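Structure first, then comments.
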Amino acid sequence: MFAAGPVAQAQVPADGVTIAAEIKLTDDGLMQVAEKVQVPPGGQFHMVLPLRVAFGDSGERRFTVSDIGATGAGTAKVDGDLFTVDARPGDSSFDYTVHGTVNDAPGSQVFRWTGVLNTDVASITASVISPSFRMGIADCKIGPAGQQQACADVRVEPDGVLTLHKDGLRKGDIIDLSMQLPPGTVPPNADIHDGGGSTAFSFGTPVLVAFGVLVAGVLAAAGFVLWSRREDAAALGAREPVDPVRQTDNRAEFVSPDGVLPGEAGLLLDASADATDLAATVVDLAVRRYLWITPISDSDWRINRVNAADDQLREYEREVYRALLPDGTDSVLVSQLRGRMAANSARGALRADAVANGTLIAAGRRGLAFWLGVVLVAVGVVATVGLAVVGRHALVGVAVALGGVAALVLPRYLPRRTPAGRRLAGQVRALQRGLDSVQAGQIPVDDRELVFSRALPFTIIGGRVDNWIRVFRDLDPTADREPGIYWFGGFERDRNLHRFAGHFPYFITALEGLFA
């Protein structure tokens, strides 16, 4: 009867039952009840308090009771949605804690105690204390249904303790006491379900919190993706050139950032293993004396084996080498390779090499974000089903599942380049700008052909071959006391690169066609 349920049923066959209750509202918003019941000889006391009661026209308010204790001639227990108290003749004591008794109201909090007597009770005495001494009586009525009158014997003492005493209560009398507390005195815990369309998928505080966390998490992840893409784009926007020619002791040599090869450099610039990157790799293999290239006509060239593919080559370079000259083949015409090049393995090896070097992220990689997304989706689906079954806050599970979907989708928009890849790509871009500012006259005569040849593949990936050859068009390839360009035949009698300048771009176009 002293719980916050609005309905109580009691049956006592004899008069003279007395009830004394001490009620304490704790700092946690729980109602702790210590109740003493005296039943005269020949009588008994039976009370039933529903823990799910109607609220408004179609809603419901739910309570729970815990920490139940009974001494003397009485018993108390929770059975389903009912809390029952029984007392035989004699003195009985009951202790229990009721959850869900406090709700917020405009400018205050409301703590309600109500019950219905189904027997005559000689007297009821109750005292109520709360964490705030500023407790006030919002409403107090007592009497038969429809004829209730204001309580006469209820008051709040100066120390904040509310006392209630009533003699001569009759069967059917209703006690309805509402107390007002300052706002924020205790955490509100009323479990009220509005029947106006409220379902397991209705919005409530837990759902709003879950979706708030979801939105914050998605915004943070999306912000990280945008920041990463902006950093990635900025890496290629460096304006300062890097001098590609290192000069020491009157000698000059071409150097690339961190020793990066032209194929990998081309891949880093656009995160794509395209035909231009593989064509630049073929030229680089020739420059490094693995291949020899000889023009057969204006539209065909012969590629000869000079040195076998060894451990000095990366795996993607060996794939390119084998695509041109399979085992047992020492010479091949470009025209013979058209339409039968196995370029996919070379492309895959080039991408795998960059991933292994930590400059690119593997496409479709199942990293931490992927597995986190899988776990969140699974947990969200299970939580949605489970909460829907019990009829409460199923949208919390939907929010968790959506978080998992975001964890699966957003990483797809991250740049392919890693931070190390962005740094190296920026250095390659700066190298290209440095190549645009090189003048042949700055390089000793004996080193010009080697510097020209070593840098040439890097101009292929940037589409600057014509400009690079034009800078060195007056280079005498016989200055090193060997006729022609050391890796490209057919121009041994030339004392400059004028004819080579008109011929070489067609060879590059043919190579790109092989790998397209």
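Position one of the sequence shown corresponds to residue 0 (numbering that gives the first Met the number 0), numbered consecutively onward.
Quick reminder that beta carbons are idealized off the backbone N, C-alpha and C, glycines included.
Predicted model only: the values in this text are computed from it and were never measured.
Problem - Limits of the beta strand (DSSP E) - the one that residue 332 falls within - result: 330-332
Exercise for the section: With DSSP as the reference, label residue 513 as helix, strand or coil. Expected result: If DSSP states are grouped into helix, strand and coil, residue 513 belongs with the helices.
Practice task
Kindly indicate which residue of 95, 370, 347 has the alpha-carbon position closest to the one of residue 359.
Solution key: 347
Handout entry: Neighbourhood of residue 387 by C-beta distance below 6 Å, restricted to the same chain and skipping five residues each side
Key = 199, 393
Problem - Beta-carbon spacing of residue 293, residue 301 below 8 Å - result: yes
Practice task
Put residue 67 into one of helix, strand or coil per three-state DSSP.
Solution key: strand
Practice task
Please classify residue 341: does DSSP put it in a helix, a strand, or coil?
Solution key: coil
Handout entry: Residue range of the unbroken alpha helix (DSSP H) whose run includes residue 535
Key = Absent from the model: residue 535. The displayed extent of the chain is 0 to 515, so no value can be given.
Problem - CB contact flag (residue 122, residue 165, <8 Å) - result: yes
Problem - Buried/exposed call for residue 100, threshold 16 Cβ in 10 Å - result: By the C-beta density criterion, residue 100 is buried, having at least 16 other C-beta atoms within 10 angstroms.
Exercise for the section: Give me the Cα-Cα distance between residue 268 and residue 427, rounded to the nearest whole angstrom. Expected result: Cα-Cα distance, rounded: 8 Å.
Problem - Beta-carbon contacts of residue 407 that lie in its chain and below 8 Å, excluding the five residues immediately before and after - result: 368, 369, 372, 373, 376
Handout entry: residue 298 classed as buried or exposed, judged by whether at least 16 other C-beta atoms fall within 10 angstroms
Key = exposed
Practice task
Return the bridge partner residues of residue 150 from the DSSP annotation.
Solution key: DSSP lists no partner for residue 150.
Handout entry: Contact set for residue 153: own chain, Cβ-Cβ below 6 Å, skip 5 residues either direction
Key = 139, 163
Exercise for the section: Return the first residue and the last residue of the alpha helix (DSSP H) that residue 223 is part of. Expected result: 204-234
Practice task
Could you pull the start and end residues of the beta strand (DSSP E) that residue 89 belongs to?
Solution key: 81-98
Problem - Helix, strand or coil at residue 59 according to DSSP, with G and I counted as helix - result: strand
Exercise for the section: Have a look at residue 306 and residue 220 and give me their C-alpha separation to the nearest angstrom. Expected result: 51 Å
Problem - Collapsed DSSP secondary structure at residue 303 in the structure displayed - result: Judged by DSSP in its simplified three-state form, residue 303 adopts strand.
Practice task
Could you check the C-alpha separation between residue 399 and residue 405 for me, to the nearest Å?
Solution key: 10 Å
Practice task
Closer than 8 Å by C-beta to residue 516: which residues in its own chain qualify, once you throw out the five before and the five after it? Chain order, please.
Solution key: There is no way to answer for residue 516, as the model of the chain reaches only from 0 to 515.
Exercise for the section: Please report how far the alpha carbon of residue 454 lies from the alpha carbon of residue 490, in whole angstroms. Expected result: 20 Å
Practice task
Look up residue 110 in the DSSP assignment and say whether it is helix, strand or coil.
Solution key: strand
Exercise for the section: Starting from residue 135, follow its DSSP beta bridges and name the residues at the other end. Expected result: 179
Handout entry: Selection from 225, 180, 437, 51 that minimises the alpha carbon distance to residue 97
Key = Nearest of 225, 180, 437, 51 to residue 97, Cα basis: 51.
Practice task
For my contact list, residue 336 and residue 315 are in at a C-beta cut-off of 8 Å; report their separation, rounded to the angstrom.
Solution key: The distance from the Cβ of residue 336 to that of residue 315 is about 18 Å, inconsistent with a contact at the 8 Å cut-off.
Practice task
Output the boundary residues of the beta strand (DSSP E) element that contains residue 291.
Solution key: 290-296
Exercise for the section: Identify whether residue 20 lies in helix, strand or coil by the three-state DSSP scheme. Expected result: strand
Practice task
Output the distance between the C-alpha atoms of residue 173 and residue 75, rounded to the nearest integer angstrom.
Solution key: 22 Å
Handout entry: Contact under 8 Å by Cβ, residue 35 with residue 85
Key = no
Handout entry: Run of the alpha helix (DSSP H) containing residue 466, from where it starts to where it stops
Key = 464-470
Exercise for the section: Under 8 Å by Cβ, that's how I've got residue 160 and residue 128 pegged, so tell me the actual separation to the nearest angstrom. Expected result: Rounded, the Cβ-Cβ distance is 5 Å, consistent with contact.
Practice task
State the start and end residues of the unbroken alpha helix (DSSP H) segment that holds residue 283.
Solution key: 274-286
Practice task
Identify every residue that forms a DSSP beta bridge with residue 126.
Solution key: 21, 162
Problem - Residue range of the beta strand (DSSP E) that includes residue 31 - result: Residue 31 -> beta strand (DSSP E) spans 30-38.
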